[in-house]
């Protein structure tokens with residue numbers, strides 16, 4: 002499923018910024034919050050796609 006693959010890529014791309022934010026880097030923390038919002042939207046897309054798949058069966 003394309004939506005799930007995109008979600009996995011987004012999560013892997015944020016890893017370095019999460020590490021930096023844990024170290025106290027405020028700019029990285031801001032990037033993490035922005036990326037997490039995008040991940041939230043991507044997760045909703047996966048959820049909607051699963052519902053579509055389920056309803057076509």
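Numbering (this note's numbering), first residue to last: 2 to 58. The beta-carbon is built from N, C-alpha and C at its ideal position, and this holds for glycine as well. Computed from a prediction, not measured in an experiment: that's the story for all the values here.
Alpha-carbon spacing of residue i relative to residue j, whole angstroms
i          : j          : result
residue 18 : residue 53 : 33 angstroms
residue 50 : residue 25 : 37 angstroms
residue 2  : residue 8  : 10 angstroms
residue 47 : residue 20 : 26 angstroms
Cβ shell of residue i (< 6 angstroms), same chain only, five flanking positions each side left out
i          : result
residue 30 : 22
residue 40 : 11
Residue i, enclosing alpha helix (DSSP H) - first and last residue
i          : result
residue 58 : Premise fails: residue 58 is in no alpha helix (DSSP H) and is neither H nor E.
residue 2  : Note, residue 2: premise wrong, no alpha helix (DSSP H); not H, not E.
Reduced DSSP category for residue i - H, G, I as helix; E, B as strand; rest coil
i          : result
residue 30 : helix
Given residue i as reference, the closest of the options once Cα atoms are compared
i          : options       : result
residue 38 : 56, 58 and 15 : 15
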